[in-house]
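Residue numbers (my numbering): 8 to 109.
Notes follow the structure.
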(Lines of atoms letter the chains of each structure in order from A and count residues from 1; the text may use other names and numbers.)
(Lines give C-alpha, C1' and ligand atoms only; values in the text may rest on other atoms or scores of the structure.)
Protein backbone atom coordinates (compact mmCIF):
# COMPACT_ATOMS: atom_id res chain seq x y z
CA UNK A 1 0.00 0.00 0.00
CA UNK A 2 1.26 3.41 -0.99
CA UNK A 3 1.29 5.97 1.89
CA UNK A 4 -1.49 8.57 1.67
CA UNK A 5 0.95 11.48 1.21
CA UNK A 6 2.70 9.76 -1.69
CA UNK A 7 -0.62 8.70 -3.26
CA UNK A 8 -1.93 12.26 -3.04
CA UNK A 9 1.30 13.72 -4.48
CA UNK A 10 1.14 11.24 -7.38
CA UNK A 11 -2.52 11.98 -8.00
CA UNK A 12 -1.91 15.75 -8.08
CA UNK A 13 1.02 15.30 -10.48
CA UNK A 14 -1.05 13.01 -12.71
CA UNK A 15 -4.14 15.23 -12.84
CA UNK A 16 -1.96 18.18 -13.83
CA UNK A 17 -1.28 16.29 -17.07
CA UNK A 18 -4.74 14.75 -17.41
CA UNK A 19 -7.31 17.10 -19.01
CA UNK A 20 -10.17 14.63 -18.39
CA UNK A 21 -10.16 15.17 -14.62
CA UNK A 22 -12.67 17.60 -13.10
CA UNK A 23 -13.48 18.73 -9.57
CA UNK A 24 -15.82 15.78 -8.97
CA UNK A 25 -13.00 13.31 -9.75
CA UNK A 26 -10.70 15.12 -7.31
CA UNK A 27 -13.32 15.17 -4.57
CA UNK A 28 -14.23 11.50 -4.93
CA UNK A 29 -10.60 10.36 -5.14
CA UNK A 30 -9.75 12.36 -2.01
CA UNK A 31 -12.59 10.71 -0.10
CA UNK A 32 -11.44 7.29 -1.32
CA UNK A 33 -7.91 7.98 -0.02
CA UNK A 34 -9.37 8.96 3.34
CA UNK A 35 -11.53 5.81 3.49
CA UNK A 36 -8.56 3.60 2.67
CA UNK A 37 -6.77 5.05 5.70
CA UNK A 38 -9.90 4.56 7.82
CA UNK A 39 -9.80 0.87 6.88
CA UNK A 40 -6.17 0.60 8.01
CA UNK A 41 -4.81 0.58 4.48
CA UNK A 42 -6.68 -2.62 3.62
CA UNK A 43 -7.22 -3.01 -0.12
CA UNK A 44 -9.60 -3.46 -1.67
CA UNK A 45 -11.79 -1.72 0.88
CA UNK A 46 -15.60 -1.59 1.03
CA UNK A 47 -17.47 1.55 -0.02
CA UNK A 48 -21.01 2.82 0.43
CA UNK A 49 -22.31 4.99 -2.39
CA UNK A 50 -24.39 7.19 -0.10
CA UNK A 51 -21.43 7.97 2.17
CA UNK A 52 -19.11 8.71 -0.74
CA UNK A 53 -21.63 10.97 -2.45
CA UNK A 54 -22.21 12.96 0.73
CA UNK A 55 -18.51 13.37 1.54
CA UNK A 56 -17.55 14.24 -2.05
CA UNK A 57 -20.50 16.66 -2.40
CA UNK A 58 -21.96 14.75 -5.35
CA UNK A 59 -25.76 15.03 -5.40
CA UNK A 60 -26.62 12.93 -8.46
CA UNK A 61 -26.27 9.15 -8.55
CA UNK A 62 -25.73 9.40 -12.30
CA UNK A 63 -22.77 11.72 -11.73
CA UNK A 64 -21.39 9.47 -8.97
CA UNK A 65 -21.47 6.36 -11.16
CA UNK A 66 -19.92 8.26 -14.08
CA UNK A 67 -17.10 9.66 -11.93
CA UNK A 68 -16.23 6.36 -10.22
CA UNK A 69 -16.35 4.53 -13.57
CA UNK A 70 -14.06 7.16 -15.14
CA UNK A 71 -11.57 6.99 -12.25
CA UNK A 72 -11.47 3.24 -12.93
CA UNK A 73 -11.18 3.62 -16.71
CA UNK A 74 -8.49 6.32 -16.41
CA UNK A 75 -6.36 4.07 -14.22
CA UNK A 76 -6.61 5.81 -10.85
CA UNK A 77 -8.58 3.08 -9.05
CA UNK A 78 -9.78 -0.47 -9.44
CA UNK A 79 -13.54 -0.53 -8.86
CA UNK A 80 -15.30 -3.78 -8.01
CA UNK A 81 -19.04 -3.08 -8.11
CA UNK A 82 -21.59 -5.39 -6.59
CA UNK A 83 -25.20 -5.52 -7.57
CA UNK A 84 -26.18 -7.40 -4.43
CA UNK A 85 -27.78 -5.13 -1.81
CA UNK A 86 -26.41 -7.42 0.92
CA UNK A 87 -22.75 -6.71 0.07
CA UNK A 88 -20.71 -3.57 -0.58
CA UNK A 89 -18.76 -2.58 -3.66
CA UNK A 90 -14.99 -2.36 -3.22
CA UNK A 91 -12.20 -0.08 -4.40
CA UNK A 92 -8.42 -0.36 -4.64
CA UNK A 93 -6.24 2.72 -5.17
CA UNK A 94 -3.78 1.95 -7.96
CA UNK A 95 -0.09 2.27 -7.16
CA UNK A 96 2.30 4.69 -8.84
CA UNK A 97 3.84 2.13 -11.17
CA UNK A 98 0.52 0.88 -12.50
CA UNK A 99 -0.17 2.13 -16.00
CA UNK A 100 -2.53 5.00 -16.71
CA UNK A 101 -3.51 6.30 -20.12
CA UNK A 102 -3.97 10.04 -20.62
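Built from N, CA and C at the ideal position, the CB exists for glycine as well.
Taking residue i as part of the beta strand (DSSP E), name the residues at either end of that continuous run.
i          : result
residue 96 : 96-100
residue 85 : 84-87
Would you kindly work out how many angstroms separate the C-alpha atoms of residue i and residue j, rounded to a whole number?
i          : j          : result
residue 44 : residue 62 : 15 Å
residue 48 : residue 99 : 10 Å
residue 96 : residue 67 : 18 Å
So, with DSSP's three-state summary, where would you put residue i?
i          : result
residue 65 : coil
residue 18 : helix
residue 54 : strand
residue 46 : coil
Using only alpha-carbon positions, find the residue among the options that is nearest to residue i.
i          : options        : result
residue 16 : 27, 73, 30, 40 : 40
residue 86 : 12, 77, 93, 92 : 77
residue 28 : 94, 82, 90, 91 : 82
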